[in-house]
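My numbering applies: residue 126 is where the sequence shown begins, and numbers increase by one.
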Amino acid sequence: MAGLAVLRSPAPTLTCLLALGLGAAKLQAQARAPAPAEARSPEIRVVAYNLRNWLRMERRLDGEMVADAPKPESERTAAVRILADLRPDVLGVCEIGTEEDVTDLQARLAAAGVDLPHRLLHQGADTERRLALLSRFPVVADNSVGDLRYTIGTQTLRFQRGLLDATLEVTPDYRLRLIGSHLKSRREVEEGDQAAMRRHEAVLLREHVEKILESAPQTNLLLYGDFNDTKNEQPIKVIQGRFGEKNYLRDVGLQDADGHRFTYYWSFADSYDRIDFAFVSDGLWPEVDTRNSFVAKDPAWLKASDHRPLVIVIRPEEAAARRR
């Protein structure tokens, strides 16, 4: 049509193209970037760790046996550095000694930026090696049991480390119950068969769990510790219960960044085993962030202990979402 001008957009300049490209890249980067800390889902980081004799005992130092020697400074420093990297909100430990040892660990962690002001120390029949819990959240109930007994033949024996049982108040509306355990070691003892002792301790532990879940099935229960047996052994099967039945405890199934699941190195046998576990109740299972829970991998782990720490991430908002 005569006299009708056709309007065309000007050709994009190099500057425009660059601007458009940078804008798209910025949007893609924003999409990939993690949410700011305040926007992320809140979480509880529970670390379970056998510290390997954070206590005073007879030790071989520089080729000589020394009585009443503390855990070497190099080992304590390595353990605290590993824990500082993991930044636990709750720390459950095996093989710690007295209140003085707990204070030492607590102070070292605080100096490293990990403030866990609430604490619980528990002793069973073993007067040297105890269980302890350090927490960012207050302990509102202590149902630990120290005097548990069983019979093998004509002998009446005591659960060596007993059961640490603490309830934490994470928020006014959310409580987390933790049971820490350390079953009889693999070392032979005069009292009898160490494997049989572990089996009996496992039965007592399972009975304790059953009492909790029978009275309150939806309890947010986490059972952790050093069980000194692998998953195919009877004590672990007893502790978990029968798959598919009421009050079965799920294995969180932790592994490290390389897919390795071992938690312990036994130098005498030159073997790597998975003997530290985290088990959870049905009530807690939906809140466990399995993708971000793991066995800690650190180049210096063997300097600190013969065990590797377990990290269990719990997201309480999942419980709130279920209630809505």
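Ideal Cβ positions, reconstructed from N, Cα and C, are used throughout, including at glycine. Because the structure is a prediction, the values reported are computed rather than measured.
Membership of W410 in any beta strand (DSSP E) is not indicated, and neither H nor E is assigned to it by DSSP. Out of G350, A236, Q319, the CA that lies nearest to the CA of I400 is found in G350.
Taking C-beta atoms under 8 Å as the contact rule, H247 and L273 fail to qualify, at a distance of about 12 Å. For the pair I221 and L256, the CB atoms are nearer than the 9 Å cut-off.
For N178, the closest of V171, E200, F368 by C-alpha to C-alpha distance is E200.
Between the stretch 223-233 and the stretch 356-366, the count of C-beta pairs closer than 8 Å stays below three; the two stretches do not touch. Fewer than three pairs of CB atoms, one per stretch, sit closer than 8 Å, so the stretch 434-443 makes no contact with the stretch 366-374. Relative to the Cα of L379, the nearest Cα in the group N345, E313, D298, F419 belongs to F419. Shown here for E253: same chain residues with a beta carbon closer than 7 Å to its own, the five before and five after excluded, namely L180, M182, G222 in chain order.
Between A192 and K428 a beta carbon distance of about 24 Å is seen, past the 8 Å cut, so the two are scored as non-contacting. Runs of the beta strand (DSSP E) lying entirely within the stretch 365-437 and spanning at least 3 residues, in chain order: 389-391, 396-398, 401-405. For S306 against L330, the beta-carbon gap comes to about 6 Å, under 8 Å, which counts as contact.
Per DSSP, T202 lies in no beta strand (DSSP E); the unbroken alpha helix (DSSP H) holding it starts and ends at 198-211. By the Cβ-count criterion, M322 is buried, with 16 or more other Cβ atoms from all chains shown falling within 10 Å of its own Cβ. The alpha-carbon of E316 is positioned some 37 Å away from that of V265.
When secondary structure is reduced to three states using DSSP, A341 falls in the coil class, being assigned neither helix nor strand.
Residue Q343 holds the alpha-carbon nearest to the alpha-carbon of Y299 among A237, S396, R433, Q343. Closest in C-alpha terms to P411, from the list L293, E326, L347, comes L347.
Closest in alpha carbon position to N353, among L409, D398, L176, is D398.
Taking the C-beta atoms as reference points, L186 is found no nearer than 9 Å to G217.
Annotated three-state conformation of L329 is helix, per DSSP. Taking 8 Å as the upper bound for CB-CB distance, L176 and S430 are in contact here, some 6 Å apart. A Cβ-Cβ distance of about 28 Å is found for the pair A194 and G238, leaving them out of contact under the 8 Å criterion. Of all alpha-carbon atoms in D226, Q319, L303, the one lying nearest the alpha-carbon of E198 is that of D226. Secondary structure in the stretch 231-264: the beta strand (DSSP E) runs of 3 residues or longer, each lying completely within the stretch, are 243-247, 255-260 in chain order.
Minimum Cα-Cα distance from V295 among the listed residues P167, D267, P434, A425 corresponds to P167.
Non-local beta-carbon contacts of R312 in its own chain, meaning distances under 8 Å to residues more than five positions away in sequence, involve Q319 in chain order.
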